[in-house]
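Number of protein chains: 2
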Amino acid sequence: MAKAPPADKRRQILDAAVRVFARQGFHATRVSDIADEAGVAYGLVYHYFRSKDEVLNELFVERWSLLLAAIEETDREGETPRDKLAAVASFIVDSYRHDPELMKVIIVEVTRAANSFGRTHLPEIRQAYQSIAKIVEDGQRAGAFRDDVAPLFASMSFYGAIEQLLSGWIFDLIPASDGDFEQAKELVVTTICDGLEPR
Amino acid sequence: MAKAPPADKRRQILDAAVRVFARQGFHATRVSDIADEAGVAYGLVYHYFRSKDEVLNELFVERWSLLLAAIEETDREGETPRDKLAAVASFIVDSYRHDPELMKVIIVEVTRAANSFGRTHLPEIRQAYQSIAKIVEDGQRAGAFRDDVAPLFASMSFYGAIEQLLSGWIFDLIPASDGDFEQAKELVVTTICDGLEPR
DNA sequence: CCGGGTCGATTGACTGGTCAATCAGCCAGT
DNA sequence: ACTGGCTGATTGACCAGTCAATCGACCCGG
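For the record, the sequence lines run as chains H and P. Sequential numbering of the first sequence, starting at 5, is according to the numbering used here. Sequential numbering of the second sequence, starting at 5, is according to the numbering used here.
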């Protein structure tokens, strides 16, 4: 059997945590729930992580750094500002489509929990808003967008609109077929960009 | 001293709870914190409320019913769909300007905590989205808005954009002068409405 | 080829601290 | 003296985090 499966218990614990956090919420899950879901002893969670918080931490940082990287790459490679915003919206929506449980945890327990857990990560979250704001600002400089709105405000609205749609899917408030995902992307980009067009 | 001040202890407790919840977050506040802040004995909180949850409950219901009423009145009295959406945006932003602590609690602890506490209130929250969606739908029927977007999606984006701006103010991510409040209202209404205009 | 030694991974019973909620009674006003 | 708003010490449950013990892979010397 060679080395056999290393079984990477650490990963196993993280994946289990996503499932349990998504199902019960962070506060309502006991560390033992994570261990049980992972099929692992209670203490092992503490072998790999300093605390329950650190598990969520790790999940957030892993995912959010991908988002930040994606936004910045988009900014570098994209053609028009509208294209860039469309790519960002697409990335976020597709992230949800690809792994709804993880995105649910990120959004519900971190991004939208800025008062409790999310407070620690405000800088990283802010970074995303600012990267998007930069896209808007460049668009203004290039004359593609009207320049009488603060880029950061536009960025917050844009991100907020997307996140609200994700919330709608997460809590079954709006339909979630493939067509719906595409329609949502288009809606957000169109409304924001048309609204930002020079008068 | 006549009847003296009835001192309405119940109200006193609710007001204190707003301050403490805003400062520390719902989970991090102990019932004794509320009692202390209200200058009242621990047990009295339980004289007026069945549980700590019920205190937050009460705060949310009080405020949210005002919002629902405002949206529906706007819908009845407003002229154009755009006017109606502008009035809704204005109401929400002014609610924050008038009582930031209360709005912080409502948003952070209920509206954006749909996984824990907010779950109970999903129906009422959903009701707001649907009332806004109705405004959009009427606009579509009247030919003021393009009709190839689901009204509920537009409604969610609209509300999400506003709520994100409130979050930005709550957590000091964006400037909050009177001018900023007005600019934000205008931004949200303009972008959403222009984006919804028939092509 | 075997005994035994090392060390990290793994286990789960246990502890300490935290709070929500209770309840037995106090006292001011009538 | 009775009633009901009011008091705050107490209790009981819960759970994050600790830790002492076991396991098992691998190595080394005889």
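Just so it is clear, CB atoms sit at the ideal spot from N, CA and C, and this is done for glycine as well.
ask   = By the criterion of Cβ-Cβ separation under 7 Å, what are the contact partners of P/His-31 in chain H?
value = His-31 and Ser-120
request  = Would you mind working out which of P/Ala-20, P/Gly-199 and P/Leu-191 sits nearest P/Val-97, comparing C-alpha positions?
outcome  = P/Leu-191
message = Between P/Asp-184 and chain H, is the shortest Cβ-Cβ distance under 9 Å, so that the two count as touching?
response = yes
ask   = Is H/Thr-195 near H/Ala-165, with beta carbons less than 9 Å apart?
value = yes
key: For H/Leu-156 and P/Lys-88, the rounded distance between their alpha carbons   = 25 Å
query = Can you tell me whether H/Tyr-163 is buried or exposed, with buried defined as 16 or more other CB within 10 angstroms of its CB?
reply = buried
inquiry  = Just to confirm, is the Cβ distance from P/Ile-38 to P/Val-59 under 9 Å?
reply    = yes
ask   = Starting from P/Ile-96 and walking both ways along the alpha helix (DSSP H), at which residues does that stretch end?
value = 85 to 102
ask   = To which residues of the same chain is H/Ser-135 closer than 8 Å at the C-beta, ignoring the five residues directly before and after it?
value = Leu-72, Ile-75, Glu-76 and Asp-79
query = Anyone know if the C-beta pair for P/Phe-121 and P/Asp-184 falls short of 9 Å?
reply = no
inquiry  = Taking 8 Å as the limit between beta carbons, can you name the residues of its chain near H/Ala-132, skipping five residues before and five after?
reply    = Trp-68, Leu-71, Leu-72, Ile-75 and Tyr-163
ask   = Can you tell me whether P/Ser-161 is buried or exposed, with buried defined as 16 or more other CB within 10 angstroms of its CB?
value = buried
task = Would you mind sorting H/Leu-170 into buried or exposed? The rule is 16 or more other CB atoms within 10 Å of its CB.
result = buried
message = Whole angstroms are fine: how far does the CA of P/Glu-141 sit from the CA of H/Gly-29?
response = 34 Å
Interface partners of H/Glu-167 on chain P, CB under 8 Å = Gly-164 and Gln-168
Rounded separation between P/Phe-149 and P/Pro-85 - CA only = 9 Å
Cβ of H/Ser-135 within 9 Å of any chain P Cβ = no
ask   = Quick one: what's got a C-beta closer than 7 Å to H/Ala-20's C-beta in the same chain, skipping five residues either side?
value = Ile-38, Glu-41 and Ala-42
ask   = Of all the options P/Ser-159, P/Arg-14, P/Cys-197 and P/Glu-186, which has the alpha carbon lying nearest to the alpha carbon of P/Tyr-46?
value = P/Arg-14
ask   = Does DSSP put H/Phe-185 in a helix, a strand or coil?
value = helix
key: Reduced DSSP category for P/Gly-164 - H, G, I as helix; E, B as strand; rest coil   = helix
ask   = chain P partners of H/Ile-178, CB-CB under 7 Å?
value = Leu-156, Phe-157 and Met-160
task = Answer with buried or exposed for P/Glu-167, where buried requires no fewer than 16 other C-beta atoms within 10 angstroms of its C-beta.
result = buried
ask   = In or out: P/His-125 buried (at least 16 other Cβ within 10 Å) or exposed?
value = buried
Chain-ordered neighbours of P/Ser-69 on chain H, where CB pairs are closer than 9 Å = Chain H residues near P/Ser-69: none, gap ~20 Å exceeds 9 Å.
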